[in-house]
Each structure stands twice: as C-alpha cells, then as structure tokens.
Amino acid sequence: MILTRLLILLCLIWLLFRIYRWMKQGYANHTGKEKRVPTVRCSYCETYIDRDDAYRSGDMFFCDELHYKAYKQKSRQ
Ligand SMILES: [Zn+2]
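Numbering-wise, the numbering used here puts 200 at position 2 of the sequence shown, and it's gapless, one number per residue.
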C-alpha cells in the first residue's frame, strides 16, 4: 500500500516537472526569438521530446536517464 502511494507520488512529481518544463518552454517561445528544436521520440515511453533535452544513447533517445535504464532492463528480459 505504501509502495503504491509512493509510486503515485513519484508519477505526480514527474508529471509536474514535465508540465513545468513545457510551460517554461512555451514562455520562452513567446518572449525570445523563435527557435525550432527538432523533436525525437523516447524509445521507452514513445513521448516526443526536444532533442536538446533528450538523453541520448547511440542513435536512440530517451526522456531521461531513468527511461534509458528502464529500456535497457526491459530489453534484457
Ligand atoms: Zn520516456
């Protein structure tokens, strides 16, 4: 039960962090010069992310190091 709550909490924190980054980016696009950053797809969760923010491994991209590790673990099974 505690573990479930912890997982939900972690998901929420991760989501808030994503939203925060997305909002910050939107704000920067409004004020600064328009800068087009190519997007890539996370090989683990298939979310589109800016290539500048992506975690790269070879020719694969991930949201962050956590998804990279999760992907590696998944492919090992
Ligand atoms: Zn991901």
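Glycine residues also receive a C-beta, built at the ideal position from the N, C-alpha and C atoms.
Short note on F215: C-beta not closer than 7 Å to any heavy atom of ligand 1. Taking a C-beta distance under 8 Å as the contact criterion, R239 and Y246 qualify as a contact pair.
Relative to ligand 1, even the nearest heavy atom lies 7 Å or more away from the CB of T237.
Assignment of beta-bridge partners to M258 by DSSP yields S255. Contact check for M258 against S241 passes: the beta carbons are separated by less than 8 Å.
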